[in-house]
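Undergrad: Positions 2 to 299 (this note's numbering) are the ones given, in order, by the sequence shown.
The structure's right below; bear with me while I get my questions together.
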Amino acid sequence: MFHLINRLKTPLLSFGGTRTICQLINMEKPCILATTFGAHGGIYKCFAPVVEKHFTIIPYETFLLDQKNLSEQINAVFVWSSALKVDRDLMQSLPNLKVVVNGGVGVDHLDIPMINSFGVKVCNTPHVVDNATADLGMGLMLASARKIVEGHHYSLTHNNEDLPESSMGVDVSGATLGIIGMGRIGYKVARRAQPFDMKILYHNRNRRKEEERAVGAMYCANMEDLLQQSDFVMVVVNLSPATQKLIGAKELAMMKPTSTLINISRGLVVDQDALVEALQKKVIRAAALDADTLNPYQ
């Protein structure tokens with residue numbers, strides 16, 4: 002199937018003139034519409050043999066070549082982030098669609114009520130990347146504190162020169178970590194911070210007493226208290242209307258000038274312009290981000 006998909010990029014005349022793409026694809030298995038193989042937003046090539054044991058994958062570019070014949074064959078749509086836009090026009094073109102599958106946890110790029118209105122379900126992959134995300138959060142904190150990226154860059158660009166004072170990092174051990182959002186991932190971050198003897202504060206809509214006791218954390222009913230006391234502030238919340246730009250100029254101004262903001266949530270949770278200004282004016286020491294908004298930092 003993967004080789005067939007690659008060949009379908011060539012003119013259809015190479016397959017014998019009037020034969021449709023639909024006739025060239027194995028329709029015995031359920032058909033999934035996906036962005037592509039390998040490229041950003043698609044299914045990784047290494048997973049292709051496993052996936053194709055159970056499904057026929059139709060890349061979006063192939064679908065566009067023979068949409069009339071392929072539309073009725075598609076039972077599911079696979080999306081990763083916003084690489085494939087699932088809009089009303091696409092939904093209306095797929096009469097036998099049963100499910101839209103999101104290859105990640107966040108589904109803010111999907112209009113779930115609209116999709117559901119077609120009788121189609123939406124699935125995501127919760128829990129799968131909880132540990133990986135918590136690991137990344139700790140990695141970002143350590144890399145920022147010890148200036149690992151800057152040190153690596155310096156070692157490649159300066160020959161045996163003395164390191165500048167600006168290369169000195171800060172201690173993680175014994176520092177105060179403030180976690181905004183003590184859900185599954187936030188709790189896993191707290192557990193990972195324990196061996197570093199960090200003081201753990203957390204802010205959450207609801208107090209999590211069991212998790213609090215397990216990691217020796219202190220609950221901050223007001224986020225302001227957490228921001229003012231923390232050396233590292235890690236944001237671990239879902240993106241929603243309530244959390245969009247949760248961290249803005251006002252919140253950044255509450256943080257210590259020696260503190261670091263770590264965001265392992267969606268980029269829109271942080272006001273990007275306010276963060277850039279805070280870094281430029283040294284309102285906070287540093288920021289370490291898993292994601293930003295659509296416009297990359299300059």
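Idealized CB from N, CA, C, for every residue including glycine.
(1) Going by DSSP, which residues form a beta bridge with F233?
(2) Suppose only complete runs of 3+ residues qualify. What are the beta strand (DSSP E) ranges in the segment 91-168, listed by chain order?
(3) Give me, in chain order, the residues of the same chain whose beta-carbon lies closer than 6 Å to that of L141; leave out the 5 immediate sequence neighbours on both sides.
(4) Which residue wins for smallest C-alpha separation from G105, given the options M92, A146, A84?
(5) In chain order, what residues of the same chain lie with their CB nearer than 7 Å to the CB of R193, ignoring the 5 residues before and after it?
(6) Taking T63 as part of the alpha helix (DSSP H), name the residues at either end of that continuous run.
(7) With distances taken between CB atoms, is the gap from L143 to G179 smaller than 8 Å?
(8) Could you check the C-alpha separation between D274 and P96 for me, to the nearest Å?
(9) Are the beta-carbon atoms belonging to A250 and D226 less than 8 Å from one another?
(10) Using CA coordinates, which residue listed in D109, V121, K246 is at the minimum distance from L91?
(11) How many Å lie between L269 and L240 at the Cα?
(12) P258 and V284: beta carbons closer than 8 Å?
(13) Between T177 and L111, what straight-line distance do the alpha-carbon atoms span, to the nearest angstrom?
(14) Shortest alpha-carbon distance to V123 belongs to which of V108, L137, N132?
(15) Excluding sequence positions up to five away, which residues of its chain have a Cβ less than 8 Å from the Cβ of S231?
(16) When the Cα atoms are used, what is the spatial distance from H4 to G184?
(17) Taking the alpha carbon of L137 as the point to measure from, which residue in L65, M235, L157 has its own alpha carbon closest?
(18) Helix, strand or coil: how does DSSP classify A243 here?
(19) With distances taken Cα to Cα, identify the nearest neighbour of G182 among K69, L66, T244.
(20) Would you give the residue range spanned by the beta strand (DSSP E) that L202 belongs to?
(21) List the DSSP bridge partners of I248.
(22) Give the DSSP bridge partners of V80, in chain order.
(23) List the endpoints of the continuous alpha helix (DSSP H) containing A215.
(24) Look at the Cβ atom of L98, then the Cβ atom of F64, and state whether they are nearer than 8 Å.
TA: Taking the geometry as given:
(1) Beta-bridge pairing by DSSP links F233 to L178, T261.
(2) Listed in chain order, the complete beta strand (DSSP E) runs (minimum 3 residues) inside the segment 91-168 are 100-103, 122-124.
(3) The residues I263, A289, in chain order, have a CB closer than 6 Å to that of L141 in the same chain once the five nearest residues on each side in sequence are set aside.
(4) When only C-alpha atoms are compared, the closest one is A84.
(5) Answer for R193: A135, M139, listed in chain order.
(6) T63 -> alpha helix (DSSP H) spans 61-66.
(7) No, the Cβ-Cβ distance between L143 and G179 is not below 8 Å.
(8) Roughly 43 Å separates the two Cα atoms.
(9) Between A250 and D226, the CB-CB gap reaches or exceeds 8 Å.
(10) Each of D109, V121, K246 was checked against the Cα of L91, and the nearest Cα belongs to V121.
(11) Each residue's Cα considered, the two are about 7 Å apart.
(12) In contact: P258 and V284 (Cβ atoms closer than 8 Å).
(13) Between the C-alpha atoms of T177 and L111 there is a straight-line separation of about 36 Å.
(14) Minimum Cα distance to V123 is reached at V108.
(15) Here the set comprises T177, L178, G179, L202, M256, K257, S260.
(16) With a pLDDT of 33 at H4, under the threshold of 50, the modelled position of this residue cannot be trusted, and the question is left open.
(17) Closest option to L137, Cα to Cα, is M235.
(18) Three-state DSSP puts A243 in coil, outside helix and strand.
(19) It is T244 whose Cα lies nearest to the Cα of G182.
(20) First-last of the beta strand (DSSP E) with L202: 200-204.
(21) BP columns for I248 point to V271.
(22) V80 pairs with N103.
(23) Residues 210-216.
(24) No, they are not a contact pair.
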